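Q: When we follow the numbering used here, the leftmost residue of the sequence shown carries the number 6, and every step to the right adds one.
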Amino acid sequence: MKHRERRKEIGKMFVDVAKYLITAVFVGRLFTEGLTFKMGIFALVAVAIIILIGFYTIPPEKEEE
């Protein structure tokens, strides 16, 4: 596959974005009362979608013969 390394890096980027989003939600909840339950659920759904995109973007490992 020609762009294997590029796909791998983009997939890692999606996973990192998901980690940053979850961290921002939890830290934001500690410092403010403005984070509602509905916003928390929305953030978790967004994180799940981003992680799935990252998972399917990362190419499977090649088996060396």
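Just so you know, even glycine gets a beta-carbon here, dropped at the ideal spot from N, CA and C. The model shown is predicted, which means the values in this text are computed figures rather than measured ones.
(1) I need the DSSP call for THR28, collapsed to helix, strand or coil.
(2) Per the contact definition of three or more C-beta pairs closer than 8 angstroms, is the segment 16-27 in contact with the segment 48-66?
(3) So GLY16 and ILE63 are in contact, right, with Cβ under 8 angstroms, and what is the actual spacing, rounded?
(4) By alpha-carbon positions, which one of GLU66, PHE60 and LYS67 ends up nearest to ALA23?
(5) Can you tell me where the alpha helix (DSSP H) with GLY59 in it begins and where it stops?
A: Reading it off the structure:
(1) helix
(2) yes
(3) 3 angstroms
(4) When each option's Cα is compared against that of ALA23, the closest is PHE60.
(5) That run of the alpha helix (DSSP H) goes 42-62.
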